[in-house]
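Residue numbers (our numbering): 4 to 314. Before any comments, here is the structure.
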Amino acid sequence: MIENRFKSVYKGLLYFSLLVSGVQVWAQQTPVFSEYNYNPFIINSAYAGLSNTAEITLATNGLLNSLEGSPENLNLSFHTPIGSNQTGVGAGLIRDKIGVTTSTSAFAAYSYKIFFDFKENRPYWQVYQEPSLSFGITAGVQKYENNLLELGITNDPTFMRNINTTIPTVGIGVLFNKSNFYAGLSTPNVLGTRFATDDTVELQSPFYGFFGYRFFSSRYENFMLKPSILTRYEKGAPLQADLNMSLSYRNQFEIGIGYRTNASVNLLAGVYLFESLRLIYHYNVAPERLAFGNTHGLILSFRFNRGFAID
């Protein structure tokens with residue numbers, strides 16, 4: 004009985020969301036909370052090859068949720084510098100699911116960097132990345148599916164057929180990075196849906212702006228405080244901001260907290276293992292008005308060679 008009640012609540016909320024926002028409901032639910040700090044490449048192609056070595060990241064969010072239809076996300080990415088490190092390449096796979104809506108995107112990325120010769124003070128344990136201004140571009144494809152017939156709604160023509168379309172994508176990004184500061188702008192698809200195989204589908208592409216700072220002092224050099232903010236603008240949706248703060252100890256342990264402007268709170272803890280492996284667990288506490296509840300997430304990153312090790 005409880006399970007059927009959850010299903011009824013879920014269908015009612017999804018029905019209302021679809022009526023209000025049409026097929027744009029998936030785009031407004033794409034998860035980016037906390038993850039972008041540990042895999043910026045997934046939203047900004049200019050990050051490709053920024054590290055001095057190749058990096059592969061697997062991230063999940065919401066897969067352990069008990070409520071049917073709640074948001075789920077899985078993404079896998081790889082990027083590496085090539086040649087003299089002035090260029091980078093990478094690729095990514097992203098799968099988002101909420102209710103009866105599923106979106107799967109695959110893309111390849113290329114970046115080009117302009118290096119600057121800044122002489123900066125930094126903690127002895129920070130993995131050094133030469134200051135640079137990077138430009139990135141992606142090319143890919145998005146598969147969008149909205150299985151509306153599963154809802155069993157028969158009195159509204161909007162829900163009388165499933166939506167299944169393929170959308171070519173081209174994304175761009177720019178990133179400025181130095182040892183104590185970074186800032187970037189990006190969008191995953193400047194083409195929109197004008198080349199979609201179903202011309203009735205209209206999905207809005209978000210625009211991201213993010214920046215952060217890395218604080219440290221010679222007195223407490225083993226610790227680094229890292230505040231950051233991600234803003235997201237999407238036509239037809241309110242401006243969203245994620246505010247995050249993390250504390251790192253010598254690239255060995257990390258804890259953090261974040262706040263999203265819809266009143267969600269995010270908690271995270273991470274550990275660095277075997278010089279090249281980083282594992283982050285994050286827990287999102289959703290406001291009571293959101294029926295989907297709290298979510299768990301994991302981010303696993305591997306940098307080749309001694310990627311996270313102290314220089």
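Even for Gly, the Cβ is constructed at its ideal location relative to N, Cα and C.
| query | With burial defined as no fewer than 16 other Cβ atoms inside 10 Å of the residue's Cβ, what is the status of VAL103: buried or exposed? | reply | buried
| task | Please list, in chain order, all residues of the same chain as ARG8 whose beta carbon is under 7 angstroms from its beta carbon, the five residues on each side excluded. | result | Low per-residue confidence applies at ARG8: pLDDT is 41, beneath 50, and the placement is therefore not dependable, though the value from the model is reported in the following sentence. For ARG8, where only same-chain residues beyond five positions count, there are no Cβ hits under 7 angstroms.
| query | Quick one: Cα of SER135 to Cα of THR169, how far? | reply | 35 angstroms
| field | Neighbourhood of ASN192 by C-beta, 8 angstroms cutoff - its chain only, sequence neighbours within 5 removed | value | GLN145, ILE170, THR172, VAL173, GLY174, SER208
| message | Using a Cβ-Cβ cutoff of less than 7 angstroms, which residues in the same chain neighbour THR200 once the five nearest sequence positions on both sides are dropped? | response | THR168, THR169
| Span separating the alpha-carbon of VAL288 from that of THR234 | 19 angstroms
| said: Could you tell me the alpha carbon to alpha carbon distance between ARG253 and ASP202, rounded to whole angstroms? | reply: The straight-line gap from Cα to Cα measures roughly 52 angstroms.
| message | Within a Cβ cutoff of 8 angstroms, which residues of the same chain sit near ALA244, ignoring the five residues on either side of it in sequence? | response | ILE232, LEU233, THR234, ARG235, ARG263, THR264
| said: Taking 8 angstroms as the threshold (C-beta atoms), are LEU77 and THR63 in contact? | reply: Remark: C-beta atoms of THR63 and LEU77 approach each other more closely than 8 angstroms.
| query | Where in the stretch 76-144 do unbroken runs of the beta strand (DSSP E), each at least 3 residues long, occur, reported from the N-terminal end onward? | reply | 90-101, 104-118
| query | Taking buried to mean at least 16 other C-beta atoms within 10 Å of its own C-beta, is GLU257 buried or exposed? | reply | buried
| Among PHE110, THR196, LEU270, PHE305, which residue has its Cα nearest to the Cα of ILE46? | PHE110
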